[in-house]
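Numbering follows this note's numbering, with no gaps: position 280 of the sequence shown is 361.
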Amino acid sequence: MAQTADDRAGAPSPDDDAPGGFIRRVFGSRQFFRLWLAQVASSTGDWLGLIAIATLAGRIGADQGDSAAVGGLAISVVLAARLIPGFFLAPLAGVLVDYWDRRRVMIVCDIGRAMVMISLPFVDTVPGLVFASFILELLTMLWTPAKEASIPHLVPRSHLTSANSLSLAAAYGTFPIASALFAGLATVAAWFAASGWTSTLHLNQEGLAFYFDALTFLITAAIVSTLHIPPPEHSAERLESGFDLGRTFRDLREGWRTSFSNPTVRAVNIGLATALFGGAMVIPLGPGFAQDSLGAVTDAAYGWLMFALGTGVALGIIGVGLVQRSLPKGLVFAGSILAGGTALILAAASSSLFLATVFVAILGLCAGATYVLAMTLLHEMVDDELRGRVFATFFTLIRTCVLFAMVIAPLLGGVLDRMLPDTLTVFGGTIVLTDERLALMTGGVIVVMGGVIAATSLRAGQRQDEIERLAP
82 MAQTADDRAG
92 APSPDDDAPG
102 GFIRRVFGSR
112 QFFRLWLAQV
122 ASSTGDWLGL
132 IAIATLAGRI
142 GADQGDSAAV
152 GGLAISVVLA
162 ARLIPGFFLA
172 PLAGVLVDYW
182 DRRRVMIVCD
192 IGRAMVMISL
202 PFVDTVPGLV
212 FASFILELLT
222 MLWTPAKEAS
232 IPHLVPRSHL
242 TSANSLSLAA
252 AYGTFPIASA
262 LFAGLATVAA
272 WFAASGWTST
282 LHLNQEGLAF
292 YFDALTFLIT
302 AAIVSTLHIP
312 PPEHSAERLE
322 SGFDLGRTFR
332 DLREGWRTSF
342 SNPTVRAVNI
352 GLATALFGGA
362 MVIPLGPGFA
372 QDSLGAVTDA
382 AYGWLMFALG
392 TGVALGIIGV
402 GLVQRSLPKG
412 LVFAGSILAG
422 GTALILAAAS
432 SSLFLATVFV
442 AILGLCAGAT
452 YVLAMTLLHE
462 MVDDELRGRV
472 FATFFTLIRT
482 CVLFAMVIAP
492 LLGGVLDRML
502 PDTLTVFGGT
512 IVLTDERLAL
522 MTGGVIVVMG
532 GVIAATSLRA
542 GQRQDEIERL
552 AP
């Protein structure tokens, strides 16, 4: 089993009853508290930069194509540049993170992302935005597994679940802050325009957002530079021996083998992949489901469904962090997947907006808990020298499943509609089987099956651990 933080990270300090004691109780250590502050700054800037890039892409595309549709296509192309690298290069990034000093990787990536952001106000073509987005994603692919692989060195084992809850809160809870900031920058940009500076330094709304994002990355780099993160085991020997293509492929295979042969890691990957696949189907199918299956006449119904999903995820993330000390993590992880799949089936079968909203909220609650526990189990079970590769595989799998769900969900409903009857009688009631309802029900079944597989794999891992302990 992997070693997590050393005893010093969790040892009481002389000032545990002082303000620092509160930080230690909530965050596990002052070092993780600093990393969390860096995540808050970086995530706020990340969301702000993403909104600004999408806005700028839409404006450039519309101006060049003289059409709003062309602007929408430009946004899709630019955002695709943030997704595609992860499918092909993330495993290699994981190998590099297991070779290099992770603290330095994070600092260099933050400085690199800041430089890209500073250049973006002067980009006025869609290909330029695509190239910048591609570079940003490459740097993020290195930064994220380096950060995840470092967390067990910064907090004691007992705080890993809480640390992951706080990390996810920093990653996703900052989106509303970034949205409000972007709206507020319009007023600041108007003041600069009146001063005549906008044309020279590109101090319009998007330009100000890019400069602010660059500042957050520099702040993050400064904070990370104060952390004490040991390099991966055997990293010095690997670097001294130079680049070896054969060894790189062997390390890639080792990372993939660990991800799918280790029973616990396999359970985490399969369980979370299926859970996200089912949950992500709600996003593209939601508007049609609200209209055709729930009889909604306005877009407000879809808004309520998305609000319920987001609120549930937030409560799941926070709730697991609050009660993490008393949780049997493996059991709750598999149970959350099973409950989430069941909630998705019930939401799809609902005929009223209220019931559908309640079940979607439960789905979100289970998804949030599943995500936190998945990361905690990986932190606890994976050796430090493999952690970068395993987390790179983990994030690639998440990205793939979410994108695949969004693409396949609308097609799946149409195929099932041709194969199955138009109505289904259950307990004397009749359910109209619309395309969206069929697809969501199928997604729920897939999630439940993933939960069963995850539970089976976790039990196999427990039996394997017991055999190893009893072996002479």
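Where is the CB? At the ideal position from N, CA and C, for every residue including glycine. Keep in mind the model is a prediction, meaning the values are calculated, not measured.
- In this structure, the straight-line span from the alpha carbon of residue 420 to that of residue 459 is close to 22 Å.
- Straight-line spacing of the CA atoms in residue 410 and residue 347 works out to 15 Å.
- With respect to residue 532, residue 415 sits close: the two C-beta atoms are nearer than 9 Å.
- DSSP places residue 286 in the uninterrupted alpha helix (DSSP H) bounded by 286-305.
- In its chain, beyond the 5 residues on either side, 266, 267, 270 have a beta carbon closer than 6 Å to the beta carbon of residue 286.
- For the stretch 181-259, the full-length alpha helix (DSSP H) segments reaching 4 residues or more read 183-200, 207-235, 241-253 along the chain.
- Its Cα nearest to that of residue 230, the residue 469 stands out among 469, 536, 522.
- Look at residue 310 here: in three-state DSSP terms it is coil, with no helix or strand label.
- Every alpha helix (DSSP H) stretch that sits fully inside the stretch 347-420 and reaches 4 residues is listed by chain position as 381-403.
- Taking a 10 Å sphere around the C-beta of residue 543, we find fewer than 16 other C-beta atoms and assign the residue as exposed.
- Less than 9 Å divides the Cβ of residue 207 from the Cβ of residue 158.
- Going by beta carbons, residue 399 and residue 449 fall inside the 9 Å limit.
- Counting only the Cα atoms, residue 447 lies some 7 Å from residue 394.
- Leaving aside the five residues that flank residue 191 on each side, the residues in its chain whose CB is nearer than 6 Å to its CB run, in chain order, 298, 301, 302.
- Taking residue 484 as reference, the option from 362, 201, 234 with the minimal CA-CA separation is 362.
- Per DSSP, reduced to three states, the secondary structure at residue 175 is helical.
- CA-to-CA, the gap between residue 388 and residue 141 works out to about 31 Å.
- For residue 460, the secondary structure class from DSSP, reduced to helix, strand or coil, is helix.
- Residue 478 and residue 357 have their C-alpha atoms spaced approximately 10 Å apart.
- Taking the Cα of residue 200 as reference, the smallest distance to any Cα among 476, 228, 290, 431 is reached at 290.
- The alpha-carbon separation between residue 179 and residue 431 amounts to approximately 48 Å.
- Rounded to whole angstroms, the gap between the alpha carbons of residue 521 and residue 262 is 35 Å.
- Note on geometry: alpha-carbon atoms of residue 455 and residue 111 lie some 24 Å from one another.
- Counting other Cβ atoms within 10 Å of its Cβ, residue 360 reaches 16 or more and is therefore classed as buried.
- When rounded, the separation of the alpha-carbon atoms in residue 344 and residue 541 is 6 Å.
- Note on residue 472: 16 or more other CB atoms within 10 angstroms of its CB, so buried under the neighbour-count rule.
- Here DSSP, grouped into helix, strand and coil, assigns residue 477 to helix.
- Cβ contact annotation for residue 247 (same chain, cutoff 6 Å, sequence separation greater than five): 117, in chain order.
- The beta carbon of residue 382 is closer than 7 Å to those of 371, 375, 434 in its chain, skipping five residues each way along the sequence.
- Pairing residue 198 with residue 292 gives a Cβ-Cβ distance under 9 Å.
- Going by beta carbons, residue 386 and residue 184 fall outside the 9 Å limit.
- Of 461, 366, 442, the smallest CA-CA separation from residue 517 is found for 366.
- Residue environment for residue 103: exposed (fewer than 16 other C-beta atoms within 10 angstroms of its C-beta).
- Put simply, the backbone Cα of residue 259 is about 10 Å away from that of residue 122.
- Secondary structure at residue 431: coil, using DSSP grouped into helix, strand and coil.
- In terms of Cα proximity to residue 226, the closest of 481, 182, 515, 492 is 182.
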